[in-house]
């Protein structure tokens, strides 16, 4: 859902193209400097109602990077007040996902801090105290209306012409102290509502500028947009707990998704009711598919741990996620092809280079980054990469064929072709399995386009012996003796040794297979061709 869509929900058909111009994804000199000059306090406040997904990771990253860039603090807070929606294992998944991506928080449920507890379900007494403050000041009131009455009010509001997004009639705002006491004594369930101002505060968003979001009302049937602060189970709503916690934890900057824009004016009204100064708000664009549809959280494909299971490296996912809604300065992007480490992002992250347009998630870029970082790991941390691949190879080919030494050698000599470690078995199967020429499509394609008699003549030139050190010399020698180009010789040897599968160069193939296995495959290919002729 775009910012414009959010506005239409509150303003009808108001044209906002002049208010919210979409910025190019190419970073350029910003018209105003919005990056803080002093250390900030940011927070990532997920709800443990599902597995951490790519959109939430990006939010965490932006808050983390802003804190680190300014020398501030990054806080993790769990918003678990909606007990009915909690998912078993989700809290642990949040910790594991952030740790895997190397996003270490300065304060949080596991590490503590001066403004804890950092789990909202453990802060109920704090919320009870502050809701009492609003009740005493008259900025909030108890609502004893039954669900059926509230539903009737919502239904009637929808039928109004024009309809109104505010539905409550403030019936309970006018109850006398005696009526309130009687309801409380009788155990009547109630919620606590904010007495919303006649006009909600203007939003000053660092990215989008000045935004005025007001409920749509019908002048002939006045209703009120009095948001619930405390539910009938005595637990606070997101709106109330969020504001209280951000204030008490001294949060200076809130970076979150655009979907929270329609709630921001309510949050500002709560800040005003307490007489508190709000933090700076930055609402970042939504993540969408390449078809410009909202990225689904429920399918699980975009969860951090799901991507990890598919072989994505944390460095690649971090790099990929940061660039959705933020782009580095042109000179840096050109020099690095946008491949930046987390430490580099900490140095260069700047709010001035945020973008406004919805960010389309194209996994091709993710695979590009993953291939880049996997190659770096193979070059600098070969034993660690081999530790991941060896069990995969041995599970398929057995420990006798897929020895640790052989797998490590293949990674060292051919690993740059890999995008993930999970591709190893299929990509390099020819190192472990002899070609079954009758059942390999690439072999049949080769035989359909090459003369079998010539192929047999080529292979016989190598039956006396070939090794990695003199492979190039023998190929050149054979090209001269048969008066042919070197290309058909390479193709013929690849047919015999690897079933015409592309991949390792011939000298590497011979080196990894070893002399004995190389000669067995050459002999087998010759026999296969002889039977065809």
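Residue numbers (this note's numbering): 18 to 550.
C-beta atoms are modelled at their ideal positions from N, C-alpha and C, and glycine is treated no differently.
Beta-carbon within less than 8 Å of residue i's beta-carbon, same chain only, minus the 5 sequence neighbours each way: which residues are those?
{"i": "residue 232", "result": "27, 181, 182, 183, 217 and 242"}
{"i": "residue 549", "result": "464 and 469"}
{"i": "residue 429", "result": "395 and 399"}
{"i": "residue 473", "result": "543, 546, 547 and 550"}
{"i": "residue 43", "result": "Unreliable positioning characterises residue 43 in this predicted model, as indicated by a pLDDT of 35, which lies under 50. The coordinate reading is nonetheless provided below. Cβ within range, chain order: 344 and 347."}
{"i": "residue 227", "result": "219, 220 and 221"}
For the alpha helix (DSSP H) that residue i lies in, which residues bound it at each end?
{"i": "residue 181", "result": "That residue, residue 181, is in no alpha helix (DSSP H); it is neither H nor E in DSSP."}
{"i": "residue 147", "result": "141 to 154"}
{"i": "residue 197", "result": "194 to 202"}
{"i": "residue 359", "result": "359 to 365"}
{"i": "residue 99", "result": "Taken as a continuous stretch (DSSP letters only), residue 99 belongs to no alpha helix (DSSP H), as it is neither H nor E."}
{"i": "residue 426", "result": "421 to 431"}
{"i": "residue 257", "result": "255 to 265"}
{"i": "residue 190", "result": "Note, residue 190: premise wrong, no alpha helix (DSSP H); not H, not E."}
Which residue comes first and which comes last in the beta strand (DSSP E) that contains residue i?
{"i": "residue 242", "result": "Element bounds for residue 242: n/a, residue is neither H nor E."}
{"i": "residue 536", "result": "From DSSP, residue 536 is part of no beta strand (DSSP E) but of the alpha helix (DSSP H) over 523 to 549."}
{"i": "residue 157", "result": "157 to 160"}
{"i": "residue 330", "result": "Note, residue 330: premise wrong, no beta strand (DSSP E); not H, not E."}
{"i": "residue 51", "result": "Note, residue 51: premise wrong, no beta strand (DSSP E); not H, not E."}
{"i": "residue 274", "result": "270 to 274"}
{"i": "residue 58", "result": "58 to 61"}
{"i": "residue 483", "result": "Counting along the chain, residue 483 falls outside any beta strand (DSSP E), and DSSP gives it neither H nor E."}
{"i": "residue 300", "result": "297 to 301"}
{"i": "residue 226", "result": "226 to 228"}
{"i": "residue 209", "result": "208 to 211"}
{"i": "residue 220", "result": "220 to 222"}
{"i": "residue 90", "result": "90 to 93"}
May I ask whether a heavy atom of the ligand PLP can be found less than 7 Å away from the beta carbon of residue i?
{"i": "residue 475", "result": "This structure lacks the ligand PLP, and indeed carries no ligand of any kind."}
Taking 8 Å as the cut-off, decide whether the C-beta atoms of residue i and residue j are in contact.
{"i": "residue 297", "j": "residue 223", "result": "yes"}
{"i": "residue 13", "j": "residue 326", "result": "The shown model of the chain, from 18 to 550, leaves out residue 13, and the question about it has no answer."}
{"i": "residue 476", "j": "residue 539", "result": "yes"}
{"i": "residue 97", "j": "residue 64", "result": "yes"}
{"i": "residue 407", "j": "residue 432", "result": "no"}
{"i": "residue 57", "j": "residue 77", "result": "no"}
{"i": "residue 517", "j": "residue 446", "result": "no"}
{"i": "residue 287", "j": "residue 209", "result": "no"}
{"i": "residue 102", "j": "residue 59", "result": "no"}
{"i": "residue 135", "j": "residue 95", "result": "yes"}
{"i": "residue 110", "j": "residue 272", "result": "no"}
{"i": "residue 280", "j": "residue 300", "result": "no"}
{"i": "residue 179", "j": "residue 235", "result": "yes"}
{"i": "residue 278", "j": "residue 219", "result": "no"}
{"i": "residue 100", "j": "residue 262", "result": "no"}
{"i": "residue 492", "j": "residue 506", "result": "yes"}
{"i": "residue 132", "j": "residue 139", "result": "no"}
{"i": "residue 254", "j": "residue 260", "result": "no"}
{"i": "residue 403", "j": "residue 419", "result": "no"}
{"i": "residue 322", "j": "residue 68", "result": "yes"}
Measure the beta-carbon distance from residue i to residue j and round it to whole angstroms, keeping in mind my assumption that it falls under 8 Å.
{"i": "residue 307", "j": "residue 202", "result": "Actually they do not touch by this definition, with Cβ atoms about 60 Å apart."}
{"i": "residue 449", "j": "residue 383", "result": "Between residue 383 and residue 449 the Cβ distance is about 29 Å, and since that is not below 8 Å, they are no contact."}
{"i": "residue 190", "j": "residue 212", "result": "6 Å"}
{"i": "residue 249", "j": "residue 207", "result": "7 Å"}
{"i": "residue 177", "j": "residue 238", "result": "6 Å"}
{"i": "residue 151", "j": "residue 290", "result": "6 Å"}
Keeping to the same chain, check which residues put their C-beta closer than 7 Å to that of residue i; ignore five residues upstream and five downstream.
{"i": "residue 527", "result": "483, 484, 485, 488 and 535"}
{"i": "residue 366", "result": "82, 83 and 86"}
{"i": "residue 51", "result": "223, 368 and 369"}
{"i": "residue 513", "result": "476, 538, 539 and 542"}
{"i": "residue 441", "result": "406, 409, 410 and 435"}
{"i": "residue 455", "result": "none"}
What does a CB cutoff of less than 6 Å around residue i pick up in its chain, not counting 5 residues either side in sequence?
{"i": "residue 547", "result": "none"}
{"i": "residue 415", "result": "none"}
{"i": "residue 537", "result": "none"}
{"i": "residue 187", "result": "241"}
{"i": "residue 117", "result": "331"}
{"i": "residue 510", "result": "523"}
{"i": "residue 519", "result": "none"}
{"i": "residue 41", "result": "Reliability fails at residue 41, whose pLDDT of 33 lies under 50, so the model's placement of it is uncertain and no value is given."}
{"i": "residue 39", "result": "Confidence at residue 39 is low in this model, with a pLDDT of 39, below 50, so the placement of that residue is unreliable and no value is reported for it."}
{"i": "residue 413", "result": "442"}
Count Cβ pairs between the stretch 238 to 252 and the stretch 267 to 276 that sit closer than 8 Å; are there 3 or more? no
Segment contact, 8 Å Cβ cut-off, at least three pairs: the stretch 482 to 500 with the stretch 421 to 433: no
Taking three-plus beta-carbon pairs below 8 Å as touching, is the stretch 357 to 366 in contact with the stretch 375 to 385? no
So does the stretch 319 to 334 actually touch the stretch 91 to 103, counting three or more Cβ pairs closer than 8 Å? no
Touching by the beta-carbon criterion (3+ pairs, under 8 Å), the stretch 145 to 163 and the stretch 117 to 133: no
Please confirm if the stretch 141 to 156 is in contact with the stretch 360 to 372, defined as three or more CB-CB distances below 8 Å between the two stretches. no
Determine, using beta-carbon pairs with one atom in the stretch 385 to 394 and one in the stretch 425 to 444, whether at least three such pairs fall under 8 Å. yes
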